[in-house]
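Engineer: Can you keep this structure in mind? I'll have questions shortly.
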Amino acid sequence: MSDFKVTQLKADLDFDQLPYWDVVIIGAGPAGLAAGLTTAHRALTTLVIEAKDRPGGQPQFLYADKRIVDIPGFPDGITGEELSQRTYRQAAEALVQFRFNEELVTIADTDQIENEDKLKRVITSKGSYLCRKVIMACGLLHYPRKLPVLDQLQSRSVHYKIPKIGDYEGSHVAVIGGGDSALDAALMVLARGGEVDLLVRAAEPTGKPDSVNRIRDAGGRVHLLTEITAAQFVGDKIEMQLSTGSSLNCSLAIVQIGFLSAKETFERLELVLNEDGSIAVDPYFETSRKGIFAVGDVHGDIKLIAVAWAEGIQAAIHAFKEITSPYWLNEKRLKDHKIALIGEKIARAAATVRKA
Ligand SMILES: Cc1cc2nc3c(=O)[nH]c(=O)nc-3n(C[C@H](O)[C@H](O)[C@H](O)COP(=O)(O)OP(=O)(O)OC[C@H]3O[C@@H](n4cnc5c(N)ncnc54)[C@H](O)[C@@H]3O)c2cc1C
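The sequence shown begins at 1229 in our numbering and counts up one residue at a time.
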């Protein structure tokens, strides 16, 4: 048996000039990275959209320092961070292209047909991309949405969850966000003798008006139509420049600007879901929408890195087969084609019966 041969994408390929991508992958966690390097190793142009500023998914963001001991081939274990970095390097070296800080919004069907495939348009928070296949690898977790201008400080003084009481008691705190969780955070700080500046991007907070009144009554300052444009440390204080032209110095920031919610995304995509809210797939990891695959935690009941890898790789290979072979050479397409023919036959028979 011969070894699998990697077919490299050409190093001088101008990705900005592609009329469409072969594959767009949503999420740069274990499943998305494994899928990406598999399609790129088969010379498919591959774009990965990742909502966060770095690749890696849960191992990078939830347990970077944990030594993972159940990955085959690593008898001494490997940290979440190192595993993420290695997998990312492998994908990047295979010429997978990445867009970070960009979120999937929806996927539209188009009328443009390319070798039997109707192209899809993947619409994100920053743009849109035409492609032949989409692989959803965006996990099931709800991550707190990060604020890049504060995140770049990489400081323990920037919180995305409510800090422990001792951390904010009596402190000057900037709370960012206008929803109920931001308002609750502001009230908690005020109740512990803290000073609060609530920064709300919109003209009105979306949280309960009663909470806003309580914040004002307790001495909290509510800044509407206000965003942070820059931030830096001056001594042990965070100095923030605001879009209103003024600046703010505080010792702590609590960011409550929502979550990256898998459920909302799936609803927008109109995919058939399982009872537990995960995406339903067929044995080829294809969803109820043709040409859209789903792999890893996004659908599976066994939530492990090795399983996410394996599913990412399988979906990538099914996508590759569909892209490169006509239906009569492709098991899945042949099956779909047969089912369609049977459907047509049944419909024709039913119409004949009705006429008679
Ligand atoms: C605390 C903890 C410890 C664990 N320990 C282990 C272990 O020891 N061994 C093991 O095998 N497994 C472990 N797991 C499970 C493992 O981490 C997951 O099964 C695995 O990360 C799933 O990979 P994934 O790529 O499907 O999803 P994820 O890792 O969740 O990656 C999804 C990616 O998609 C991105 N994304 C989400 N929504 C969007 C969007 N709308 N647009 C663009 N990008 C988006 C996310 O930012 C993320 O980067 C652990 C899990 C946890 C929580």
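For each residue, glycine too, the CB sits at the ideal point set by N, CA and C. Predicted model only: the values in this text are computed from it and were never measured.
1. Spatial neighbours of Asp1339 within its chain, please: C-beta separation below 8 angstroms, excluding the five flanking residues on both sides.
2. Thinking C-alpha only, which one of Ser1474, Ala1431, Ile1545 and Gly1519 is nearest Leu1499?
3. Following the continuous beta strand (DSSP E) through Thr1457, name the residue where it begins and the one where it ends.
4. Can the beta-carbon of Leu1358 be found closer than 9 angstroms to that of Tyr1248?
5. According to DSSP, Leu1332 sits in a beta bridge with which residue or residues?
6. Identify which residue in Phe1548, Asn1502 and Tyr1512 has its Cα closest to the Cα of Asp1529.
7. For Glu1342, which residues does DSSP report across the bridge?
8. How many angstroms separate the CA atom of Ile1277 from the CA atom of Leu1241?
9. Which residues in the same chain have their Cβ closer than 8 angstroms to the Cβ of Pro1376, if we skip the five residues on either side of it in sequence?
10. Tell me whether the segment 1246-1266 and the segment 1531-1544 touch, counting them as touching only if at least three CB pairs, one residue from each stretch, are closer than 8 angstroms.
11. Decide if Ala1319 is buried, meaning its Cβ has at least 16 other Cβ atoms within 10 Å, or exposed.
12. Below 9 angstroms between beta carbons: does that hold for Ile1443 and Leu1418?
13. Using C-beta distances below 8 angstroms, list every residue in its chain close to Ala1534, excluding the 5 sequence neighbours before and after it, in chain order.
14. Counting beta carbon pairs with one atom in the segment 1362-1370 and one in the segment 1254-1267, are three or more of them shorter than 8 angstroms?
15. If I follow the unbroken alpha helix (DSSP H) through Arg1442, where does it start and stop?
16. Does at least one heavy atom of ligand 1 sit under 8 angstroms from the Cβ of Tyr1388?
17. Leaving out five residues before and five after Glu1423 in sequence, what residues of the same chain have Cβ atoms less than 6 angstroms from its Cβ?
18. Along the alpha helix (DSSP H) that carries Thr1493, what are the first and last residues, could you check?
19. Helix, strand or coil: which one does DSSP assign to Gln1484?
20. On a CA-only basis, which of Arg1496, Ala1322 and Gln1469 is nearest Phe1461? Give me that one, please.
21. Given a threshold of 16 other Cβ atoms within 10 Å of its Cβ, counted over all protein chains shown, does Gln1325 qualify as buried or as exposed?
Structural biologist: The answer reads as follows:
1. Taken in chain order, the residues that qualify are Lys1346.
2. The shortest C-alpha to C-alpha distance from Leu1499 to any of Ser1474, Ala1431, Ile1545 and Gly1519 is the one to Gly1519.
3. Run containing Thr1457: Ile1456 to Val1462, per the beta strand (DSSP E) assignment.
4. Cβ atoms of Leu1358 and Tyr1248: closer than 9 angstroms.
5. According to DSSP, Leu1332 shares a beta bridge with Thr1352.
6. Per the Cα distances, Asn1502.
7. Beta-bridge analysis with DSSP links Glu1342 to Asp1345.
8. In a straight line, the C-alpha of Ile1277 is about 19 angstroms away from that of Leu1241.
9. If you ignore the 5 residues before and after Pro1376, its C-beta comes within less than 8 angstroms of the C-beta of Asp1281 and Asn1329, all in its own chain and listed in chain order.
10. Yes: the two stretches touch, three or more of their Cβ pairs being nearer than 8 angstroms.
11. Buried, because 16 or more other Cβ atoms sit within 10 Å of the Cβ of Ala1319.
12. In this structure, Leu1418 lies closer than 9 angstroms to Ile1443 by Cβ.
13. Here Ala1534 has Asp1298, Ile1299 and Pro1300 as same chain residues with Cβ atoms under 8 angstroms from its own Cβ, once five neighbours each way along the sequence are excluded.
14. Yes: the two stretches touch, three or more of their Cβ pairs being nearer than 8 angstroms.
15. DSSP places Arg1442 in the uninterrupted alpha helix (DSSP H) bounded by Pro1437 to Asp1445.
16. No, the beta carbon of Tyr1388 sits no closer than 8 angstroms to any heavy atom of ligand 1.
17. Shown here for Glu1423: same chain residues with a beta carbon closer than 6 angstroms to its own, the five before and five after excluded, namely His1400 in chain order.
18. First-last of the alpha helix (DSSP H) with Thr1493: Ala1490 to Leu1497.
19. Three-state result, Gln1484: coil.
20. It is Gln1469.
21. Burial call: buried.
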